[in-house]
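Colleague: I am attaching a structure below and will ask some questions about it afterwards.
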Amino acid sequence: MSVLVIQNDPIVPVGQLSAFLGGHEVVRAWENTKYLHDQAVATLPDALILLGGRANAYDDEAWPWLEDERELV
């Protein structure tokens, strides 16, 4: 099973969840904002996990990748 974990904030890592996921990909959204935009039109993984953080869901000015993340979901 393919699992995509989106980490939205450097202070909220995947942590112990990694032990349960097996093979998974972690995307640090602030490092590669284009990735989320590209995923919106790509074949999606079997599971998607969105990690939280300091932003609210519509704080696009401070966290510019959130719009693409909402589209992906």
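If you read the sequence shown in our numbering, its first letter stands for residue 1135, the second for the next number, and so on. For glycine and all other residues, C-beta sits at the position ideal for the given N, C-alpha and C. Quantities reported herein were computed from a predicted structural model and do not represent experimental measurements.
1) Mind checking N1166: buried by the 16 CB within 10 Å criterion, or exposed?
2) Going by other Cβ atoms of all chains shown within 10 Å of its Cβ, with 16 needed for buried, is D1202 buried or exposed?
3) Helix, strand or coil for E1203, going by three-state DSSP, please let me know.
4) In the DSSP assignment, find the unbroken beta strand (DSSP E) run with Q1173 in it and report its ends.
5) For V1146 and L1185, what's the separation of their Cα atoms in angstroms?
Modeller: According to the structure data:
1) Counting other Cβ atoms within 10 Å of its Cβ, N1166 stays below 16 and is therefore classed as exposed.
2) That one is buried.
3) E1203: helix per DSSP, three-state reduction.
4) Q1173: not part of any beta strand (DSSP E); member of the alpha helix (DSSP H) spanning T1167 to Q1173, first to last residue.
5) Approximately 7 Å between the Cα atoms of the pair.
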